[in-house]
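Note that my numbering gives residue 732 to position 221 of the sequence shown, counting from 1, and the numbers run on in steps of one.
Okay, structure first, notes after.
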Amino acid sequence: MSVERRRYSEERRKRLLRRALPVTAGLAVLILVITLLVTGGASPAVTGARRFVAAWERSDYSAMRALITPEAQRRYAFPAFQRAYRAAAGTATATGVAAIGKVRDAPGGAAVPLEFRTRLFGTLTGRLGLPMAGSRVKWSPELVFPGLQPGQILNRRSDPPRRAAILARDGRTIVSGSATARVPSGAGSAISGGTGPAATVAERDALYARGFPRDWPVGHGGLEAILETQVAGRPGGTLYAGTRRVASAAPRPAHAVRTTIDLGLESSAQSALAGRVGGIAVLDPRTAEVRALAGIAFSAPQPPGSTFKLITLSAVLEGHIAKPTTPFPVSSYAVIDGVKLSNANGESCGVNVAEGFVQSCNSVYAPLGVRVGARRLVAMAERYGWNTRPPFAGARPSTIPAADQMMVAQTIASGGLERTPTIMPGPLTPPRRVLSIHTAHTIRKLMVAVVARGTGVSAALGTGVVAGKTGTAELESTTGPSATPADKRTHTDAWFTSFAPARSPRIVVAVMLYRAGAGGDVAAPTARQVLAAGLARR
């Protein structure tokens, strides 16, 4: 190659390099700008600490643990990691954590200003030092709260207040005394319930997170369970990080809690129950205030028997599937998917939808249930409030206690409007429409006929027209080779749900008697006693 050509090639290479330098520099600057925009110009330690705290704010312990060093992950399995944070939150009664300022570089890691919102101690603030290895947290258990030294834990001394008294609607005492020595009144002893240690680990943890000792007595059954949070008060105590005092709060006892319970009606319900296993629920349909709860009125998981025909009829009428006058054959049974379903005692009944309701004919309502379909039946039951969170603590969410049937009767008595039942007086809750006025009035007329000439005649009163529906729920086979005919009465729950007076209802009564026989024979006359007592009161 000639000297001239070599000089030309060298000069060309230099020109290309001079042109490429600005482009390369520009790309480097662009990459730097993008990096600064993404990280805010922060160091890897600050960036990692921010991500860790953001996951903490969401209580996303899995994401938090993913941001700690591999060495810490090997040492602390996820259950132990999560348990450490939950235990600290319970001790502090914390309801949330948040970063409240800039996360900054600190020797060996990053410093994070935090606030903890707590039930007992207000808002606590502190600066947490996070040791970092690059963008990962060098985690150890003392990092669950600011100010803890290695080997220290967050701890609390609890100071519970005196438990408040529970009163009837007229101010008389139902139960009073300290949490460890409650004393029920004579009239309220059956409904007051009792106190004792929380039953499960989860319940004890929840109690501790409220600020109480884990072994502190809580309400068990009756009004003590229903009104637990109202009568327990707010505990006080002192919070320590190791031996360092962090915060303290004085206990605040609750005021006496007045309920809607009518001790006269409560006494009548207890008398009507007569020591039998079962439940009686009484309510004022105008306000949805509960007037009495006897036995297992809101916690008994029992099948509803033919009181479920109220749900079926509601779905039939609301869905325009049939009319009260729609004819049905008179029969002693119906065949559903090849299975013979008999009427009670093998009786023959039918004629039409209305008469099938009055005489409680399975041979009419089983085929109607098929026409409605499972989806619409469940939807109608849920419109009445079934399968939802119970309004009372201690109630079963997915069973059919007497209190649920009380609410079905209340809805029909109120022209299709349902109010959430309450045990404490206060402003009326806004009603929720479940049925059209026309459907509610139609069902009311048929419930009146049930008591006037159907299966519920033993609930009839001379002082007012009663509307009701019987139910007899089979718990075992009462027919066929496996039946024991000599003792059929103990194989069925007896039900009756009702209101009176039918046109201007003032009282709703629902009765369930466990293994007691037929609803019309046993539950209806039991309800009659309570209805009479309620109508006699002003």
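In this text, a Cβ means the ideal position worked out from N, Cα and C, and glycines have one as well.
Within the same chain, show all residues whose beta-carbon is closer than 7 Å to that of residue i, passing over the 5 residues directly before and after it, in chain order.
{"i": "methionine 918", "result": "Tyr895, Gly896, Glu929 and Pro932"}
{"i": "proline 1016", "result": "Pro796, Ala924 and Phe1010"}
{"i": "lysine 649", "result": "Thr580, Ala583, Pro642 and Met643"}
{"i": "glutamine 870", "result": "Cys860, Gly965 and Thr966"}
{"i": "threonine 606", "result": "Arg628, Thr629 and Arg630"}
{"i": "arginine 576", "result": "Gln584, Phe589 and Phe592"}
{"i": "cysteine 872", "result": "Asn854, Cys860 and Gly861"}
{"i": "leucine 538", "result": "Residue confidence for leucine 538 is low, a pLDDT of 45 falling below 50, so the modelled location carries little weight and cannot support an answer."}
{"i": "glutamine 660", "result": "Glu653 and Gly753"}
{"i": "leucine 784", "result": "Ile791, Ala805 and Gly806"}
{"i": "glycine 601", "result": "Asp716, Tyr719 and Ala720"}
Considering only the beta carbon of each residue, do residue i and residue j sit closer than 8 Å?
{"i": "leucine 804", "j": "isoleucine 702", "result": "yes"}
{"i": "valine 1019", "j": "leucine 794", "result": "yes"}
{"i": "isoleucine 772", "j": "isoleucine 685", "result": "yes"}
{"i": "alanine 676", "j": "valine 623", "result": "no"}
{"i": "alanine 855", "j": "alanine 877", "result": "no"}
{"i": "glycine 1031", "j": "serine 969", "result": "yes"}
{"i": "glycine 732", "j": "glycine 704", "result": "yes"}
{"i": "glycine 699", "j": "leucine 774", "result": "yes"}
{"i": "glycine 640", "j": "alanine 609", "result": "no"}
{"i": "glycine 975", "j": "leucine 1046", "result": "yes"}
{"i": "glycine 744", "j": "serine 669", "result": "no"}
{"i": "alanine 599", "j": "valine 564", "result": "no"}
{"i": "valine 1033", "j": "alanine 1005", "result": "yes"}
{"i": "proline 555", "j": "serine 646", "result": "yes"}
{"i": "valine 788", "j": "alanine 765", "result": "no"}
{"i": "leucine 738", "j": "valine 729", "result": "no"}
{"i": "threonine 736", "j": "glutamine 921", "result": "Note on residue identity: the sequence assigns alanine, not threonine, to residue 736. Not in contact: alanine 736 and glutamine 921 (Cβ atoms no closer than 8 Å)."}
{"i": "isoleucine 934", "j": "threonine 770", "result": "yes"}
Could you spell out the range, first to last residue, of the alpha helix (DSSP H) harbouring residue i?
{"i": "alanine 598", "result": "589-603"}
{"i": "isoleucine 948", "result": "948-964"}
{"i": "tyrosine 895", "result": "Unbroken run through tyrosine 895: none, as it is neither H nor E."}
{"i": "phenylalanine 819", "result": "No alpha helix (DSSP H) contains phenylalanine 819, which DSSP labels as neither H nor E."}
{"i": "phenylalanine 563", "result": "555-568"}
{"i": "threonine 922", "result": "913-924"}
{"i": "serine 874", "result": "873-883"}
{"i": "methionine 575", "result": "572-577"}
{"i": "glycine 1031", "result": "Per DSSP, glycine 1031 belongs to no alpha helix (DSSP H) and is neither H nor E."}
Just reading off the beta strand (DSSP E) that residue i is part of, what are its end residues?
{"i": "tryptophan 1006", "result": "1003-1011"}
{"i": "alanine 752", "result": "747-752"}
{"i": "leucine 986", "result": "Careful: leucine 986 lies outside any beta strand (DSSP E) and carries neither H nor E."}
{"i": "threonine 931", "result": "Threonine 931 -> no beta strand (DSSP E), and no H or E assigned at all."}
{"i": "serine 689", "result": "684-689"}
{"i": "arginine 615", "result": "615-617"}
{"i": "threonine 634", "result": "634-644"}
{"i": "leucine 1024", "result": "1018-1024"}
Sorted by chain position, which residues of the same chain lie with C-beta nearer than 6 Å to residue i's C-beta, five sequence neighbours on each side aside?
{"i": "glutamine 916", "result": "Thr818, Thr1008 and Ala1021"}
{"i": "threonine 636", "result": "Glu626"}
{"i": "valine 875", "result": "Phe839, Gly861 and Gly867"}
{"i": "isoleucine 807", "result": "Gly790"}
{"i": "serine 651", "result": "none"}
{"i": "glycine 816", "result": "Gly982, Thr983, Ala984 and Trp1006"}
{"i": "proline 671", "result": "Phe723, Trp727 and Pro746"}
{"i": "valine 614", "result": "Val557, Ala560, Arg561, Ala621 and Val623"}
{"i": "serine 779", "result": "Val1041 and Ala1044"}
{"i": "arginine 693", "result": "Val686 and Thr706"}
{"i": "glycine 619", "result": "Pro642"}
Please go through the same chain and pick out, in chain order, the residues whose beta-carbon is closer than 8 Å to the beta-carbon of residue i, but skip the five residues on each side of it.
{"i": "isoleucine 847", "result": "Ala877, Pro878 and Val881"}
{"i": "threonine 950", "result": "Ser825, Leu828, Glu829 and Gly927"}
{"i": "arginine 638", "result": "Ala622, Val623, Pro624, Leu625 and Pro657"}
{"i": "proline 942", "result": "Ser925, Leu928, Glu929 and Arg930"}
Should residue i be counted as a contact of the ligand MG given a C-beta to heavy atom distance under 7 Å?
{"i": "proline 936", "result": "What this structure holds is no ligand at all, so the ligand MG is not there to describe."}
Flag residue i as yes if its beta-carbon sits less than 8 Å from any beta-carbon of chain D, otherwise no.
{"i": "threonine 629", "result": "Protein chain content of the structure displayed is limited to a single chain, and chain D is not contained in it."}
At least 3 beta-carbon pairs within less than 8 Å: the region 757-776 vs the region 627-634: yes
Segment contact flag, the region 840-852 with the region 1023-1041, C-beta cutoff 8 Å, min 3 pairs: no
Would you call the region 945-958 and the region 820-839 touching, i.e. three or more CB-CB distances under 8 Å? yes
Does the region 743-754 come into contact with the region 656-669, if we say contact requires no fewer than three beta-carbon pairs (one atom in each stretch) closer than 8 Å? yes
Contact the region 969-983 vs the region 886-894: 3+ CB pairs below 8 Å: no
Which runs of the beta strand (DSSP E) spanning at least 3 residues fall entirely within the region 832-864, listed in chain order? 838-842, 844-847, 850-853 and 860-863
Would you list, in sequence order, the uninterrupted beta strand (DSSP E) runs of no fewer than 3 residues that lie entirely inside the region 770-800? 789-795
Extract the residue ranges of the alpha helix (DSSP H) inside the region 692-757, only unbroken runs of 4 or more that lie entirely within it. 700-703, 712-720, 733-737 and 739-743
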